[in-house]
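As structure tokens, the structure follows; a few thoughts come after it.
What follows is the structure, encoded as structure tokens:
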């Protein structure tokens, strides 16, 4: 069941106020514009108290909005106007990635006993995710919180854990996704390469003849990219399997708060002998990749960071230069007879269908096995072998900040906001996709034998 369905068990027949539609369509702009829309939205909510079904629908618009200030104001309105729904709203807000949303949610929980009793299980689940501590640590009063919101959260979690009915309901479902941002950092820059700040010219060079694999024109042609570090090689199966073993031993301490509960991080290719230990990891979804990166004290690169690392200051088409060189990249030409003849999209798709129907004897190859494929910054395997997850949403290029925890993973297929940009092409790709400019969108829960990842670290993070 979706969040909107939980808020609106019956769909109202009354028309949605235009103020609600306007704020639903607002994504970014001046603060004054946002505040004006907020005023109209909150006024519309006040007028809907006589229609609880429509009120619930309109509250969901604000509670799930991309802008933290809109989510915060919608939460306050929900607590004030709709007590029957407030417990669920507070529970969701406690896991919000923005502290300005979590803090008032904690305050509402602390001063309203009815919220604690009605929304206790969902609130405790969310508090555990916010705190990044085990129930035993919370019950023992372990300190070391780093923000005021953490201090309030610790007190609220202890209150909820003291209620046997609430604690029993939640703890029976453990492990739950927990954040590891309070744990000692295990960050190491060994095996990473520095990419200095610079200008990125997105997409193909102007005047170059386009290929069918090239992306459409970017909304913004150029952008500045701050300095960062990027893994010189993609994460391998051996490295990823060590993370899975650590999760089995210590629980889900590094997972994204939105990750579906009961997630098993084991890669889907674990029992396939074609995917050897020194090959790039595949069969992992976006949540798996994020959890691994956090386990290392790192993160996924943005799409712009990935492209700058691959193209350098001269904005080349491939990491090694302008022209395609089949010996430097593992693609369809490496694993299938006549794979290099897929010169158009239709031919490639037919050849790929034939390949999948016969279970190819080869797929990925060892990471870093093709000398000469380095980018200007000394980074290997950026094209071919595996597509690589980024932290960027595919259609609009904004950071991916998923809040799909209440949805069934199957419901995400076809949801544009759940599609992540992947880069670089894979062992199954033709030359047109084995470039530093090609891109594709994949739903964040996809576990494909063609998609892996590598990790990044900002200069500011590396200096801590």
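In the numbering used here, the protein residues as written are 17 to 480.
Backbone N, C-alpha and C define an ideal beta-carbon position, used for all residues, glycine too.
In this chain, the alpha helix (DSSP H) harbouring residue 72 covers 68-79. Residue pairing from DSSP places residue 458 in a beta bridge opposite 436. Counting along the chain, residue 247 sits inside the beta strand (DSSP E) bounded by residues 244-247. C-alpha of residue 350 to C-alpha of residue 286: approximately 23 Å in a straight line.
Check the Cα spacing between residue 238 and each of 289, 320, 298, 442: the tightest is with 320. For the pair of segments examined, the stretch 424-438 was found to touch the stretch 451-468: the number of CB pairs separated by less than 8 Å reaches three.
Judged by pairs of C-beta atoms under 8 Å, the stretch 398-413 does not touch the stretch 259-277, as fewer than three such pairs exist. With a cutoff of 7 Å on beta-carbon distance, residue 235 and residue 218 are scored as not near each other.
Taking the Cα positions, residue 464 is about 28 Å away from residue 211.
For residue 240, the enclosing beta strand (DSSP E) stretches over residues 238-241.
The C-beta distance from residue 379 to residue 302 rounds to 21 Å, too long to fall under 8 Å, and the pair is not in contact. Non-local beta-carbon contacts of residue 49 in its own chain, meaning distances under 8 Å to residues more than five positions away in sequence, involve 42 in chain order. Straight-line spacing of the CA atoms in residue 339 and residue 310 works out to 36 Å. Selection 224, 331, 307, 256 evaluated against residue 293 yields 256 as nearest (Cα-Cα). Listed in chain order, the non-local C-beta contacts of residue 231 below 7 Å within the same chain comprise 219, 453, 454, 455, local neighbours out to five positions each way being set aside. In the three-state reduction of the DSSP assignment, residue 116 falls in the helix class, which pools H, G and I. Straight through space, the alpha carbons of residue 318 and residue 419 are spaced by roughly 19 Å. When secondary structure is reduced to three states using DSSP, residue 443 falls in the coil class, being assigned neither helix nor strand.
At the C-beta level, residue 327 and residue 472 stay beyond 7 Å of one another. If you draw a straight line from the Cα of residue 222 to the Cα of residue 332, it is about 12 Å long. Within the DSSP bridge table, the entry for residue 405 names 438 as partners.
Straight-line measurement puts the Cα of residue 384 at about 26 Å from the Cα of residue 241. Annotated three-state conformation of residue 378 is coil, per DSSP.
Between residue 90 and residue 78, the CB-CB gap stays under 7 Å. In the three-state reduction of the DSSP assignment, residue 91 falls in the helix class, which pools H, G and I. Of the candidates 37, 121, 322, 272, the residue whose Cα lies closest to the Cα of residue 413 is 322. The three-state secondary structure of residue 395, taken from DSSP, is coil.
Remark: C-beta atoms of residue 440 and residue 398 approach each other more closely than 7 Å. About 33 Å separates the beta carbon of residue 361 from that of residue 214, a gap too long to meet the 8 Å contact definition.
Beta-carbon to beta-carbon, residue 244 and residue 391 are separated by about 14 Å, too far to satisfy the 8 Å threshold.
If you draw a straight line from the Cα of residue 403 to the Cα of residue 116, it comes to about 36 Å. Within the DSSP secondary-structure output, residue 214 pairs in a beta bridge with 241. Non-local C-beta neighbours of residue 429 in its own chain, meaning closer than 7 Å and more than five positions away in sequence, comprise 459, ordered along the chain.
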